[in-house]
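Visitor: Pasting in a structure now, in structure tokens, and then I'll have a few things to ask.
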Amino acid sequence: MLILFFGQSPLPVLAENSIDLAREWDMPTTSDFTGNSNESSYDDLELGQTADNDNISDLMRIPESIADVSLSHDSTEWSSLVSRYFHMIEDPPLLPSLENEATTLVQYYFRDTCATWSCFDSEKNPFRTAIEALWQKSPLIYYAIQSNAAAHLSNQISSMQVTASKMREKAHAAFLEQLLNTSNTQSTGDQLLLATLLLGVSASWHDSSDLGLSYLSIARSLIRARVVSQGSEHHQPPNRNFRFFLEALIYWEMVAAFVSGEGLRSALTLTADTSTFPWAGPLPTAVIPHPWTGIAPRVMLLFAEVGRLVQDHAISAGQPGADLDLAASATKLEEDLLSVYVPTEDEIADVHDEFTRKNDFIVSAEATRCAALLQIYRVFPGVLQWRLSTGNFGTFPHMGIVEPNSGSDVTSSWLISLAMHVLDLLASVPAYSGVRCVQLLPLATAAFELRVTNSHRDVEIARFREFSMGRLRLLAGRLPSKPISRVAQLLKEVWRRNDQGDHTFWLNVMTDKNLKTFLG
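Our numbering numbers the first residue of the sequence shown as 3 and each following residue consecutively.
This is the structure in structure tokens:
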């Protein structure tokens, strides 16, 4: 069982251009830790559409979760909150000219993009501090952050898509040059891994159908080489730089798992198995949240395995004996998810971000865990029926099914209840919290299960559908909108089919309608 946290041993002195995550993201000592939506219909504004004067008010509508926040009457504090919520600068948007385009994009990365795709943003965020130390020294990082900033900025300025493509080409050329450089050191290796994250995870920002799988393959190879290297050095725990990259890869594996076409036995994929990472140690005094995995790397790694298992199920349909093997794997994953430990607030280090509370990390981890279980129960209903028959869910909340039996109606009702539980959890996190950047996968997988039942529950289901579309629209207003727009298209198609009595699994609908995209 792989549990990844950050150790307290100092990093060795690194070269001038190296990424010193220990300085930026240092481990504290023990003493450091003593509703109803009123939005307009989703169809009023297509996700991914560049805002104009007619619909900008829809993008800027502040939901009740912001309006109800208790703030002082200090206009600066209110302005800061609104600015953080929408990830927009308080002055008019920067309109880059040919002369200052590079400067503008670098500024936009640090002012908006960096915070947008991190669960928290402060001096503890390596996507800010490490890149601040590198962008003027590394052409690769320099072009990569401009590419990401331009793709993000194209939400508001559609012409920036051309600039984004141009910068991405330059970044890719620099990436290949450094990748093929046989004299790479530990320092340049860190830069290469960082650039792989910047370019790979953002691939769908430029093209919603680009899953960034070539970069993912390279990242796996680079990480695997380091695992082997770490294992050869007396099984010592790796430094924090490596653990930062490994947890980033875990998140990447999770959001790519359902669309990569890879199964559980694919080469160079991470698994939650201690034989792969023998140095995974006990829970330290304090858990340092990661910008992508938060406090739940193991939950996300298990979710990645669920995604690959679902892929295996689709590929092996009809093969003799396959169902039994897959069901056994599903049962094991379900047990692991039910028993996974989520740290308490007292065990979580302070990331110094006033907008992301410790509880936001906990709720996000629980929503992700429940969404992973939901996928297991949907694809392997026998696992759920067995669990219901025992009534033993450990600490996992029972979802209101009073008569646990093997009936299909009870199973279907339980799935819908679990989906609504996931959405309830997501709704309880303030919309301006940094953890919204990792909400897309649990949000979408739960929303896909909102099927009408021709019962009193349909009113509640309609409310959760409205919440899901409203949250997607809000995410699209702040995050790069292309992949979110595609998820919204898929969600509407799944609901349309469900309403007509066709309960096809969402992954099959995605393939049928050619709507594959990155779910993060």
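Ideal placement from N, C-alpha and C gives every residue a C-beta, glycine not left out.
Starting from His525, follow its DSSP beta bridges and name the residues at the other end.
Guide: As displayed, the chain neither begins before 3 nor continues past 522, which places residue 525 out of reach and without an answer.
Visitor: Taking contact to mean at least 3 C-beta pairs separated by less than 8 Å, is the stretch 220–233 in contact with the stretch 256–263?
Guide: Not touching, per the Cβ criterion.
Visitor: In this structure, does DSSP put Ile159 in helix, strand or coil?
Guide: coil
Visitor: So, at 8 Å on beta carbons, what are the nonlocal neighbours of Ile403 in its own chain, with the 5 sequence-adjacent residues on each side left out?
Guide: For Ile403, the predicted model reports a pLDDT of 46, less than 50, meaning its position is unreliable and no value from the coordinates is stated.
Visitor: Got a sec? Which residues, its chain only, sit under 6 Å from Val71 by beta carbon, not counting five neighbours each side?
Guide: Low confidence applies here, because Val71 scores a pLDDT of 33, under 50, leaving its location unreliable; read the following figure in that light. Taken in chain order, the list of residues that qualify is empty.
Visitor: Check the C-beta distance from Ser206 over to Lys484 and give it rounded, since I have them as a contact under 8 Å.
Guide: 6 Å
Visitor: Glu336 to Leu376, Cα distance in whole Å?
Guide: 10 Å
Visitor: From this set, Ala446, Gly522, Leu474, which residue's C-alpha is nearest Leu509's C-alpha?
Guide: Ala446
Visitor: I'd like the ranges of any alpha helix (DSSP H) spanning at least 4 consecutive residues and lying wholly in the stretch 167–228.
Guide: 188–202, 205–208
Visitor: If I measure Cβ to Cβ from Ala449 and keep anything under 6 Å in the same chain, skipping five residues before and after, which residues do I get?
Guide: Closer than 6 Å at the Cβ level, and outside the excluded window around Ala449, lie Ser470, Leu493.
Visitor: Quick test of the definition: if touching needs 3 or more C-beta pairs under 8 Å, does the stretch 126–143 touch the stretch 448–468?
Guide: no
Visitor: Can you round the beta-carbon distance between Gly263 and Ala367 to whole angstroms, since I take them to be within the 8 Å contact cut?
Guide: About 27 Å separates the two Cβ atoms, so there is no contact after all.
Visitor: Please list the terminal residues of the continuous alpha helix (DSSP H) segment that includes Ala104.
Guide: 103–110
Visitor: Closest by CA to Arg300, which one among Leu248, Asp362, Tyr144, Thr513?
Guide: Leu248
Visitor: How many whole angstroms separate the CB atoms of Ala464 and Val424, which I take to be in contact at a CB cut-off of 8 Å?
Guide: So it is not a contact: roughly 17 Å between Cβ atoms.
Visitor: Among Gly191, Gln188, Tyr145, which has the Cα closest to the Cα of Ala175?
Guide: Looking from the CA of Ala175, the closest CA among Gly191, Gln188, Tyr145 belongs to Tyr145.
Visitor: Alpha carbon to alpha carbon, how far is Phe246 from Gly503?
Guide: 45 Å
Visitor: Mapping DSSP to helix, strand and coil, what is Phe507?
Guide: coil
Visitor: Would you check if the stretch 430–440 and the stretch 340–358 touch, i.e. whether three or more CB-CB distances between them fall below 8 Å?
Guide: yes
Visitor: So what does DSSP say about Ser43, is it helix, strand or coil?
Guide: Summary for Ser43: the model assigns pLDDT 32, below 50, so the residue's position carries little reliability; its value from the coordinates is reported in the next sentence. Coil at Ser43, not helix or strand.
Visitor: Does the beta-carbon of Tyr110 have 16 or more other beta-carbons within 10 angstroms, so that it is buried, or is it exposed?
Guide: Its Cβ being crowded by 16 or more others within 10 Å, Tyr110 is buried.
Visitor: Tell me, to the nearest whole angstrom, how far the beta carbon of Ala104 is from that of Gln148; I am working on the premise that it is less than 8 Å.
Guide: Their Cβ separation, rounded to whole angstroms, is 6 Å, which keeps Ala104 and Gln148 in contact under 8 Å.
Visitor: If you follow the alpha helix (DSSP H) that Ile133 is part of, which residue opens it and which one closes it?
Guide: Per DSSP, the continuous alpha helix (DSSP H) segment holding Ile133 begins and ends at 128–136.
Visitor: Quick test of your reading: Ala329 and Val385, contact by CB under 8 Å. State the CB separation rounded to the nearest angstrom.
Guide: 7 Å
Visitor: Express the C-alpha separation of Ser331 and Leu182 in angstroms, rounding to a whole number.
Guide: 39 Å
Visitor: What do you reckon, is the C-beta of Ala259 under 8 Å from a heavy atom of the ligand SAH?
Guide: This structure lacks the ligand SAH; in fact it carries no ligand of any kind.
Visitor: Using the C-alpha atoms, what's the distance from Ala421 back to Asn500?
Guide: Linking Asn500 to Ala421 through their CA atoms gives a straight-line distance of about 15 Å.
Visitor: Would you tell me roughly how many angstroms separate the C-alpha atoms of His292 and Cys121, rounded to the nearest one?
Guide: 8 Å
Visitor: How long is the line joining the alpha carbons of Asp2 and Ile486, rounded to whole angstroms?
Guide: In the structure as shown, the chain starts at 3 and stops at 522, and residue 2 therefore has no counterpart that could be examined.
Visitor: Among Phe466, Leu200, Val229, Gly309, which one has its Cα closest to the Cα of Ile378?
Guide: Gly309
Visitor: Under the rule that 16 or more other beta-carbon atoms within 10 Å means buried, what is Val440, buried or exposed?
Guide: buried
Visitor: Of all the options His505, Lys518, Thr506, which has the alpha carbon lying nearest to the alpha carbon of Ala490?
Guide: Checking every option, the nearest Cα to that of Ala490 belongs to Lys518.
Visitor: Beta-carbon separation of Gly202 and Gly191 under 9 Å?
Guide: no
Visitor: Whole angstroms are fine: how far does the CA of Ile159 sit from the CA of Leu107?
Guide: 13 Å
Visitor: Give the straight-line distance between the Cα atoms of Leu443 and Leu521, rounded to the nearest whole angstrom.
Guide: 5 Å
Visitor: To the nearest angstrom, how far is it from the Cα of Glu171 to the Cα of Asp212?
Guide: 14 Å
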